[in-house]
Each structure stands twice: as C-alpha cells, then as structure tokens.
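*Asks:*
Numbering (our numbering), first residue to last: 18 to 268.
Pasting the structure below:
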C-alpha cells in the first residue's frame, strides 16, 4: 500500500481535514512483518512468493492469531531472463479500526533520478484526478518529472494522471522501464519524498531527493473543495485489491 502526501483538498468541508484521520489511524507509519518468503525456479523463471502483514501505526510486534488493524499483502514476483518482472499482488484490509477511506491504494517505487522522461497512455496532458478528469482526453502524452510539478501555495500531492494503460519512465537515451497493469491505473511522479511533501508547509521547504517517487495507484481518492469535501463516490474504501503489474526494461 502506498501512502499519500497530504492534499489540501482531502477534507470534509469547512476546515475539517480527513487527513487528520489518515494519520491518527497510522496509515502513514506502517510496520511490516514478513510471514514467509519462498523462492523457486521453474522453466527458466524465478518465482518469489511473499506473505506480509502491514500494521497501521508504529508497532513493536505482530502476534499471530491476534486481531490487528492493517493489511495482509500477498505478492508473487515472476522474474524472466529478459529482465521482465510480473507482480501478482493481493491486498486485504484487516481489523475493526480502519480509516473511512484511503487517500490512495497501490505501490510506490523510488526510481533512479535519470529516469525523468515520462510518456503515458491515459488522460492528459495536465494533471487530473477522479471526479475532475472528464475534460482530459485519453491519448499518448510526454512530459518530464520537473514539468509535471504543480506549484500549489501549500505543498501536497500533485500531478496525478488517471485511466492509464501504460507508463514509460526513461532517461535521455530512451532507456528505462515500462509499467503496465491489468486494469486502468493512475500515477504521478515527483522528485520529492512523500514525507517531504507531507511535512512541508511552504514551497521553499521542498527538497529534491536522490531519486524519483513513482506512485502507481490501483485507485486514488478524488479531491474536493473547502465547503463540501470529497464526494463519497470518489472515496477509495478499504476493500480487497487484486492486480497484476508488468515491469519491462526499455533498452
């Protein structure tokens, strides 16, 4: 599960920020506990099977058999000789004290800083979010990580692109990675860490990291406004997600 930088529009209206609930439930401070990791090789492919418990909030221990608030993640990585990686991911929320909804749900990668050229087949060219995307046509677009920056007065999540079929992150020579998912997905990419975007109050506090934060979202909560908040039809409710992600090297 990927955490999200605060958005000034993730609120319940009139200054009641739902982000307070996100952080009070601890979804920004996950504690990970591996249950098992199994590796095998079949027909020239390497299979890595992982079962993991992600507990919301800082926790010193996970006790098997006891109820917890968090996620059960099951991953199967299939690594082929040509460098292609397929990830089968199943995630199930567990517990009684879950947030009303997640700001986003998916995977977050840190890519090499050289992979700053972005090409995508989805909605664009400007940023668009669930609930505010119908005016952005589906097509193939190009940009860079720096050009996708949106200078909001108060820093937070920005630059999302929705309803994607694939995304390419490449360097100046066109080398890099292509991401595909078996269902439409959303993504954004920025040169800052999620923590930096979340904690910054002013833009001068943003500091570029050594890498690119790449959020690959199975689902993303929409944005609202200061009076009515996010409409419930655009919430990402705690539910089971199953996705297949293919990562292909571009040479």
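Built from N, CA and C at the ideal position, the CB exists for glycine as well.
Kindly give me the distance between the Cβ atoms of residue 105 and residue 200, rounded to whole angstroms, as I take these residues to be in contact under 8 angstroms.
*Replies:* Wrong, their Cβ atoms sit about 13 angstroms apart, outside the cutoff.
*Asks:* Could you check how far apart the C-beta atoms of residue 177 and residue 237 are, in whole angstroms? I think they sit under 8 angstroms.
*Replies:* Yes, residue 177 and residue 237 are in contact; Cβ-Cβ is about 6 angstroms, under 8 angstroms.
*Asks:* Give me, in chain order, the residues of the same chain whose beta-carbon lies closer than 7 angstroms to that of residue 141; leave out the 5 immediate sequence neighbours on both sides.
*Replies:* Closer than 7 angstroms at Cβ, skipping near neighbours: 153, 156, 158 and 178.
*Asks:* Starting from the C-beta of residue 207, find all residues in its chain whose C-beta is less than 6 angstroms away, skip the five residues before and the five after it, and write them out in chain order.
*Replies:* Contacts found: 230.
*Asks:* So what does DSSP say about residue 128, is it helix, strand or coil?
*Replies:* Strand, per DSSP.
*Asks:* Tell me where the beta strand (DSSP E) around residue 181 begins and ends.
*Replies:* Start and end: 178-187.
*Asks:* At a Cβ threshold of 9 angstroms, is residue 96 touching chain B?
*Replies:* Of the protein chains in the structure, only one exists, and it is not chain B.
*Asks:* How long is the line joining the alpha carbons of residue 267 and residue 95, rounded to whole angstroms?
*Replies:* Distance between the alpha carbons of residue 267 and residue 95: 18 angstroms.
*Asks:* I'd like to confirm the pairing. Which residues does DSSP put opposite residue 261 in its beta bridges?
*Replies:* DSSP lists 105 as partners of residue 261.
*Asks:* Would residue 184 and residue 204 be called neighbours here (beta carbons separated by less than 9 angstroms)?
*Replies:* Cβ distance < 9 angstroms, so residue 184 and residue 204 count as in contact.
*Asks:* Look at the alpha carbon of residue 197 and the alpha carbon of residue 102, and state the distance between them as a whole number of angstroms.
*Replies:* Straight-line Cα distance between these residues: approximately 11 angstroms.
*Asks:* Whole-angstrom Cβ separation of residue 248 and residue 148, contact assumed at under 8 angstroms?
*Replies:* Between residue 148 and residue 248 the Cβ distance is about 6 angstroms, and since that is below 8 angstroms, they are a contact.
*Asks:* Along the chain, where does the beta strand (DSSP E) containing residue 58 start, and where does it finish?
*Replies:* Note, residue 58: beta strand (DSSP E), 48-59.
*Asks:* Output needed for residue 54: all residues of its chain with C-beta closer than 6 angstroms, excluding positions within five of it in sequence on either side, in chain order.
*Replies:* Here the set comprises 67.
*Asks:* Mapping the DSSP letters down to three states, classify residue 142 as helix, strand or coil.
*Replies:* Reduced to three states, the DSSP call for residue 142 is coil.
*Asks:* What are the boundary residues of the alpha helix (DSSP H) that includes residue 213?
*Replies:* Residues 211-216.
*Asks:* Taking the straight line between their C-alpha atoms, what separation do you get for residue 193 and residue 166?
*Replies:* Cα-Cα distance, rounded: 21 angstroms.
*Asks:* Any idea what DSSP makes of residue 160, helix, strand or coil?
*Replies:* In this structure, residue 160 counts as strand in the three-state DSSP scheme.
*Asks:* From the DSSP output, in three-state form, read off residue 249 for me.
*Replies:* Here residue 249 sits in helix by DSSP.
*Asks:* The ligand GTP and residue 191: does the residue's C-beta get closer than 8 angstroms to at least one heavy atom of that ligand?
*Replies:* Absence of the ligand GTP from the depicted structure is noted, as is the absence of any ligand whatsoever, leaving it without description.
*Asks:* How long is the line joining the alpha carbons of residue 265 and residue 99, rounded to whole angstroms?
*Replies:* Approximately 9 angstroms between the Cα atoms of the pair.
*Asks:* Cβ atoms of residue 120 and residue 42: under 9 angstroms apart, would you say?
*Replies:* No, they are not a contact pair.
*Asks:* Under a three-way DSSP split, which group does residue 220 fall into?
*Replies:* Helix.
*Asks:* Using a Cβ distance threshold of 8 angstroms, determine whether the region 119-134 contacts the region 216-230, with at least three qualifying pairs required.
*Replies:* Flag = yes, the region 119-134 and the region 216-230 touch.
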